[in-house]
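So my numbering is basically just the index in the sequence shown, starting at one, shifted up by 4. One structure is given here, and the rest of the page talks about it.
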Amino acid sequence: MKIKILILLLIIPLVYVNAQNKVNDYLNIPGPIQLNQNEYNLIWSSHPNENYFKQEYISSNENVNRYNSMVLIDFVKGDFNIKDVVDQKVAELQKMKKNNPVVNYQIFENKEEYILDFLISENSKDGKEILIAERNIYRYKIISNGKNKGVLLFALSERGYPENMESFFNNLKTNTSKLIEKVGNYKLPDIEIK
(Lines of atoms letter the chains of each structure in order from A and count residues from 1; the text may use other names and numbers.)
(Lines give C-alpha, C1' and ligand atoms only; values in the text may rest on other atoms or scores of the structure.)
Protein backbone atom coordinates (compact mmCIF):
# COMPACT_ATOMS: atom_id res chain seq x y z
CA MET A 1 0.00 0.00 0.00
CA LYS A 2 2.83 2.43 0.85
CA ILE A 3 4.43 1.82 -2.55
CA LYS A 4 1.16 2.64 -4.36
CA ILE A 5 0.80 5.90 -2.41
CA LEU A 6 4.41 6.85 -3.11
CA ILE A 7 4.01 6.14 -6.83
CA LEU A 8 0.81 8.18 -6.88
CA LEU A 9 2.57 11.10 -5.15
CA LEU A 10 5.41 10.94 -7.67
CA ILE A 11 3.01 10.95 -10.64
CA ILE A 12 0.92 13.91 -9.48
CA PRO A 13 3.74 16.50 -9.85
CA LEU A 14 4.46 15.26 -13.39
CA VAL A 15 0.82 15.66 -14.36
CA TYR A 16 0.83 19.14 -12.80
CA VAL A 17 3.95 20.18 -14.77
CA ASN A 18 2.41 19.04 -18.06
CA ALA A 19 -0.84 20.83 -17.22
CA GLN A 20 1.11 24.04 -16.65
CA ASN A 21 2.44 24.02 -20.23
CA LYS A 22 -0.90 25.41 -21.39
CA VAL A 23 -1.19 29.14 -20.69
CA ASN A 24 -4.68 30.51 -20.08
CA ASP A 25 -5.57 34.18 -20.23
CA TYR A 26 -7.91 33.96 -17.24
CA LEU A 27 -8.37 37.74 -17.07
CA ASN A 28 -9.08 38.28 -20.78
CA ILE A 29 -6.41 40.97 -21.21
CA PRO A 30 -5.58 41.83 -24.82
CA GLY A 31 -1.86 41.51 -25.40
CA PRO A 32 0.92 42.09 -25.80
CA ILE A 33 1.40 44.62 -23.00
CA GLN A 34 3.46 47.67 -23.96
CA LEU A 35 5.37 49.23 -21.05
CA ASN A 36 8.62 51.17 -20.77
CA GLN A 37 9.39 50.68 -24.47
CA ASN A 38 9.12 46.89 -24.11
CA GLU A 39 6.55 44.42 -25.37
CA TYR A 40 5.47 41.74 -22.91
CA ASN A 41 3.70 38.51 -23.89
CA LEU A 42 1.70 36.24 -21.61
CA ILE A 43 3.90 33.23 -20.81
CA TRP A 44 2.52 31.80 -17.58
CA SER A 45 -0.76 31.84 -15.71
CA SER A 46 -2.26 30.22 -12.66
CA HIS A 47 -5.69 29.94 -11.08
CA PRO A 48 -4.83 28.15 -7.83
CA ASN A 49 -8.21 28.71 -6.21
CA GLU A 50 -11.67 30.06 -6.96
CA ASN A 51 -10.76 33.69 -6.18
CA TYR A 52 -7.10 34.05 -7.22
CA PHE A 53 -5.72 34.62 -10.73
CA LYS A 54 -2.07 35.25 -11.62
CA GLN A 55 -0.51 36.04 -15.00
CA GLU A 56 3.13 36.73 -15.96
CA TYR A 57 4.40 38.45 -19.09
CA ILE A 58 7.92 38.69 -20.51
CA SER A 59 9.52 39.87 -23.75
CA SER A 60 10.02 37.25 -26.45
CA ASN A 61 13.81 37.31 -25.99
CA GLU A 62 13.61 36.61 -22.23
CA ASN A 63 13.59 33.43 -20.15
CA VAL A 64 10.99 33.19 -17.38
CA ASN A 65 13.51 31.55 -15.03
CA ARG A 66 16.17 34.23 -15.55
CA TYR A 67 14.34 37.31 -16.75
CA ASN A 68 15.55 40.90 -16.70
CA SER A 69 12.09 42.45 -16.84
CA MET A 70 8.61 41.02 -16.26
CA VAL A 71 5.05 42.32 -15.95
CA LEU A 72 2.78 40.61 -13.44
CA ILE A 73 -0.99 40.94 -13.19
CA ASP A 74 -2.79 39.39 -10.23
CA PHE A 75 -6.46 39.59 -9.37
CA VAL A 76 -8.09 38.40 -6.17
CA LYS A 77 -11.88 38.38 -6.00
CA GLY A 78 -13.44 39.63 -2.78
CA ASP A 79 -14.21 42.64 -0.65
CA PHE A 80 -10.92 44.21 0.44
CA ASN A 81 -9.59 47.31 2.13
CA ILE A 82 -6.73 48.28 -0.15
CA LYS A 83 -4.70 49.75 2.72
CA ASP A 84 -4.86 46.39 4.52
CA VAL A 85 -3.58 44.61 1.40
CA VAL A 86 -0.63 47.01 1.10
CA ASP A 87 0.10 46.83 4.84
CA GLN A 88 0.25 43.03 4.63
CA LYS A 89 2.95 43.21 1.92
CA VAL A 90 4.85 45.87 3.90
CA ALA A 91 4.80 43.62 6.99
CA GLU A 92 6.27 40.81 4.86
CA LEU A 93 9.04 43.15 3.65
CA GLN A 94 9.79 44.38 7.17
CA LYS A 95 10.19 40.78 8.32
CA MET A 96 12.57 40.07 5.40
CA LYS A 97 14.57 43.22 6.15
CA LYS A 98 15.51 41.89 9.62
CA ASN A 99 17.75 39.29 7.93
CA ASN A 100 18.56 41.09 4.68
CA PRO A 101 19.85 44.69 4.66
CA VAL A 102 19.26 44.99 0.89
CA VAL A 103 15.47 44.93 1.38
CA ASN A 104 14.04 48.42 1.07
CA TYR A 105 10.69 49.92 0.10
CA GLN A 106 8.65 53.09 -0.33
CA ILE A 107 4.90 53.62 -0.61
CA PHE A 108 3.03 56.14 -2.75
CA GLU A 109 -0.68 56.87 -2.54
CA ASN A 110 -2.54 58.25 -5.55
CA LYS A 111 -6.29 58.76 -5.17
CA GLU A 112 -7.65 55.26 -4.53
CA GLU A 113 -4.51 53.43 -5.60
CA TYR A 114 -1.23 52.56 -3.93
CA ILE A 115 2.20 51.95 -5.40
CA LEU A 116 4.71 49.92 -3.43
CA ASP A 117 8.25 50.18 -4.80
CA PHE A 118 10.55 47.63 -3.20
CA LEU A 119 13.91 45.94 -3.53
CA ILE A 120 14.64 42.39 -2.41
CA SER A 121 17.54 40.03 -3.00
CA GLU A 122 18.66 36.45 -2.90
CA ASN A 123 22.09 36.27 -1.31
CA SER A 124 24.82 33.63 -1.07
CA LYS A 125 24.73 31.45 2.04
CA ASP A 126 27.55 33.43 3.65
CA GLY A 127 25.68 36.67 2.87
CA LYS A 128 28.68 38.21 1.09
CA GLU A 129 27.34 38.11 -2.47
CA ILE A 130 24.03 39.13 -4.04
CA LEU A 131 22.96 36.38 -6.43
CA ILE A 132 19.75 38.08 -7.59
CA ALA A 133 18.59 41.63 -6.94
CA GLU A 134 14.93 42.27 -7.71
CA ARG A 135 13.17 45.59 -7.89
CA ASN A 136 9.38 45.46 -7.99
CA ILE A 137 6.86 48.21 -8.51
CA TYR A 138 3.46 46.98 -7.33
CA ARG A 139 0.40 49.05 -8.21
CA TYR A 140 -2.73 48.11 -6.25
CA LYS A 141 -6.25 49.09 -7.22
CA ILE A 142 -9.70 48.04 -6.05
CA ILE A 143 -11.94 46.85 -8.89
CA SER A 144 -15.65 47.14 -8.17
CA ASN A 145 -17.43 46.35 -11.44
CA GLY A 146 -20.16 43.81 -10.72
CA LYS A 147 -19.06 40.19 -10.50
CA ASN A 148 -15.36 41.07 -10.84
CA LYS A 149 -15.06 42.85 -7.50
CA GLY A 150 -11.63 42.52 -5.92
CA VAL A 151 -8.10 43.84 -5.83
CA LEU A 152 -5.93 44.15 -8.94
CA LEU A 153 -2.15 44.09 -8.79
CA PHE A 154 -0.29 45.42 -11.82
CA ALA A 155 3.46 45.12 -11.38
CA LEU A 156 6.80 45.54 -13.09
CA SER A 157 9.67 43.39 -11.86
CA GLU A 158 13.30 43.91 -12.87
CA ARG A 159 16.23 41.70 -11.93
CA GLY A 160 19.99 41.98 -11.74
CA TYR A 161 22.39 39.02 -11.70
CA PRO A 162 26.11 38.84 -10.76
CA GLU A 163 27.25 39.59 -14.32
CA ASN A 164 25.18 42.80 -14.57
CA MET A 165 24.71 43.74 -10.89
CA GLU A 166 26.64 47.01 -11.12
CA SER A 167 24.61 48.28 -14.08
CA PHE A 168 21.39 47.10 -12.37
CA PHE A 169 22.10 49.24 -9.30
CA ASN A 170 23.31 52.21 -11.39
CA ASN A 171 20.08 52.05 -13.41
CA LEU A 172 18.12 51.84 -10.16
CA LYS A 173 19.71 55.08 -8.93
CA THR A 174 19.07 57.01 -12.13
CA ASN A 175 15.63 55.66 -13.11
CA THR A 176 13.84 55.17 -9.79
CA SER A 177 11.12 57.78 -10.23
CA LYS A 178 10.85 57.28 -14.01
CA LEU A 179 9.74 53.65 -13.68
CA ILE A 180 7.33 54.48 -10.84
CA GLU A 181 5.71 57.09 -13.11
CA LYS A 182 5.47 54.64 -16.03
CA VAL A 183 3.76 51.98 -13.89
CA GLY A 184 1.58 54.61 -12.17
CA ASN A 185 0.44 56.17 -15.46
CA TYR A 186 -0.13 52.89 -17.30
CA LYS A 187 -3.76 52.48 -18.39
CA LEU A 188 -4.82 49.43 -16.42
CA PRO A 189 -6.57 46.73 -18.40
CA ASP A 190 -10.20 45.89 -17.82
CA ILE A 191 -10.53 42.58 -16.02
CA GLU A 192 -13.03 40.11 -17.42
CA ILE A 193 -12.74 36.69 -15.86
CA LYS A 194 -13.37 33.89 -18.35
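Built from N, CA and C at the ideal position, the CB exists for glycine as well. Remember, predicted model here, so these are calculated numbers, not experimental data.
VAL155 is bridged by DSSP to VAL80, ILE146. Under the three-state reduction of DSSP output, SER49 falls in the strand class. By the CB criterion at 7 Å, ASP78 and LEU157 fall inside the cutoff. Looking at the DSSP output, GLU60 shares a beta bridge with TRP48, LEU76.
The residue among ASN189, HIS51, ASN28 with its C-alpha nearest the C-alpha of TYR142 is ASN189. The Cβ-Cβ distance between PHE57 and LEU97 does not fall below 7 Å.
Counting along the chain, the unbroken beta strand (DSSP E) around GLU113 starts and ends at 108 to 114.
For GLY131, the number of other beta carbons within 10 angstroms of its own is below 16, and it is reported as exposed.
Taking C-alpha positions only, LYS87 is separated from ILE47 by approximately 30 Å. DSSP places GLU170 inside the alpha helix (DSSP H), whose first and last residues are 169 to 189. The beta carbon of LEU39 sits closer than 7 Å to the beta carbons of VAL75, LEU160, LYS186, TYR190 from its chain, once the five residues preceding and following it are set aside; these are given in chain order. In the structure shown, the three-state DSSP call for GLN98 is helix.
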